[in-house]
Every structure is written in structure tokens, then in C-alpha cells.
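K.L.:
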């Protein structure tokens, strides 16, 4: 998406905002990304502390950004270092997995509320 300048279109829209928007990009999404990649993205999110997450691309990019966001937001309520232990995240994801999905029903019931309503943004205050 970076290579084909789709991200530039997002930047153009962000530039229209009254306040400067700080951004970070994760652009190395693998096809059928493993959990380790979602954890890596969640760690980047934790360092950046985004207000908004924008995912651009196909199924893999969208899927990994959604699960990374869930991992990131869940980790905010955990002890320091929780995100660094693979088994912690793996157990969290196992809670979400289902063997059979009835498409007429909600796939996953989230136990935890989320805080934010793959470009991450953070609004910067205008100088006084």
C-alpha cells in the first residue's frame, strides 16, 4: 500500500485537519500473518499510543490490524511486560477462537471494552 501510494491518499486527508497529526506506519504485513506479527504490531501501537488506527489493504492487513488492536488494548490493563510473553497473548487469542461459527450469530463476544473508536495517528496540540 505504501509502494502504490495508497498511504499518500490518507496523508492528504490527514493534512486537511486543523491540528498536525503524528503518524506511524507498519507496512510489512505477511500473507496469512502469524500471531507473532500481530504481537509485533501491538508493541508498536503500545509505544506510539494511537488515538486512531487506519488499516489499508486486503484481508491479511485488515485481519492482523484488528487482532493487533485487540491485543494492544487488552495489554493496557495488564502488568508491565505482559505483552512480551508470547504465551499470555496466545492464551488470550485461544479464548476468542471457535471451532464452529454460525454466521447468523456474533462470532466473538469481547469480554473487554476497547479504548479507541495500519496508520496510527496521535493529535498534537497546536502551540499556544
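In full-length UniProt numbering, the protein residues as written are 1 to 128.
Even glycine gets a Cβ: it sits at the ideal position worked out from N, Cα and C.
Model, not experiment: these values are computed from the prediction.
1) With a cut-off of 8 Å, do at least 3 Cβ pairs link the stretch 77-96 to the stretch 49-63?
2) Which class does residue 53 belong to by DSSP, given the choice of helix, strand or coil?
3) Residues in the same chain with beta-carbon distance under 6 Å from residue 29, minus the five sequence neighbours each way, listed in chain order, please.
4) With residue 35 and residue 93 assumed to form a contact (beta carbons below 8 Å), what rounded beta-carbon distance in angstroms separates them?
5) To the nearest whole angstrom, what separates the beta carbons of residue 71 and residue 42, a pair I think is in contact under 8 Å?
6) From 77, 88, 39, 47, pick the residue whose C-alpha is nearest to that of residue 66; which is it?
7) Whole angstroms are fine: how far does the CA of residue 89 sit from the CA of residue 76?
8) For residue 56 and residue 7, which I take to be in contact (beta-carbon distance under 8 Å), what is that distance rounded to the nearest angstrom?
9) Just verifying my parser: in three-state terms, what is the DSSP assignment at residue 45?
10) Have a look at residue 45 and residue 69 and give me their C-alpha separation to the nearest angstrom.
11) Between which residues of its own chain and residue 117 is the CB-CB distance below 6 Å, once the five residues before and five after are set aside?
P.N.:
Reading from the atomic positions:
1) No, because fewer than three Cβ pairs between the stretch 77-96 and the stretch 49-63 fall closer than 8 Å, the two stretches do not touch.
2) In this structure, residue 53 counts as strand in the three-state DSSP scheme.
3) Here the set comprises 60, 61, 64.
4) With a Cβ gap of about 6 Å, residue 35 and residue 93 count as contacting.
5) Right, their Cβ atoms sit about 4 Å apart.
6) Checked all of 77, 88, 39, 47; the closest Cα to residue 66 is 39.
7) The straight-line gap from Cα to Cα measures roughly 13 Å.
8) 7 Å between Cβ atoms; contact.
9) Here residue 45 sits in helix by DSSP.
10) Approximately 8 Å, taken between the alpha carbons.
11) Note on residue 117: pLDDT 48, under 50, position unreliable in the model; the coordinate value appears next. None.
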